[in-house]
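In our numbering, the protein residues as written are 9 to 180. One structure is given here, and the rest of the page talks about it.
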Amino acid sequence: LLLNNLSLVYYKLGEMHRYVETQMQALDHAVERSDYGHQLRIYRNLHIYFRETGNRELALQYMERAVELAEESGTENDLASLLISRAVFHDRYLSQPDQALSYLQEAEELLESTTDYRLQVRILSERAELLRSRGALDRSREIYRQVYSIGALNSNSPMLLAVEVRQRDVGQ
């Protein structure tokens, strides 16, 4: 954890080479200790870093490593969250919307028996946004109505407000 925190200091100071180097040291340490959660956080950090710096190949590699780790651990919520992130990456950075929809479907199937409505909402929201960007406005509005219903059932006012804004973007 100390190495991960140190790497974030390097990041904030703009010392990107040292950031990556320290993240890698933290990853080695997490692997040695079999610390699943820490390994997953580091893979996500590296994915985000390389995605934001435009290195799609490395970003994809770190995403894939995180997915493999989540699959090995059998942690469905982590895997579903990563599949959502993978879908976003494939849609927004690789221009592969069909592949993105496939990952969202896979995440949704993983969560069929879960009570974590936030992950379900993330999946639906990403699907609605993807469909909106492809011009499938009616389907997008329909999905946003589902998200609104989930928010109402869970008394989540910020979610309701966010959905109302997105619905206006789609053209209620």
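Ideal Cβ placement from N, Cα and C applies to all residues, glycine included. All figures in this text were calculated on a predicted structure; none of them were measured in a lab.
Remark: C-beta atoms of R147 and L138 do not approach each other more closely than 7 Å.
Approximately 7 Å separates the beta-carbon atoms of L87 and V75; this is inside 8 Å, confirming the contact. According to the DSSP assignment, S148 belongs to the alpha helix (DSSP H) that extends over 145-161.
The Cβ neighbour count for Y51, taken over all protein chains shown within 10 Å, is at least 16; the residue is labelled buried. Judged by pairs of C-beta atoms under 8 Å, the region 121-137 touches the region 87-105, as three or more such pairs exist. Taking M71 as reference, the option from L119, G143, L21, R49 with the minimal CA-CA separation is R49. Note on geometry: alpha-carbon atoms of R64 and L21 lie some 23 Å from one another.
Around the C-beta of L90, 16 or more other C-beta atoms lie within 10 Å, and the residue is accordingly described as buried. Minimum Cα-Cα distance from R153 among the listed residues E23, E120, T83, A136 corresponds to A136.
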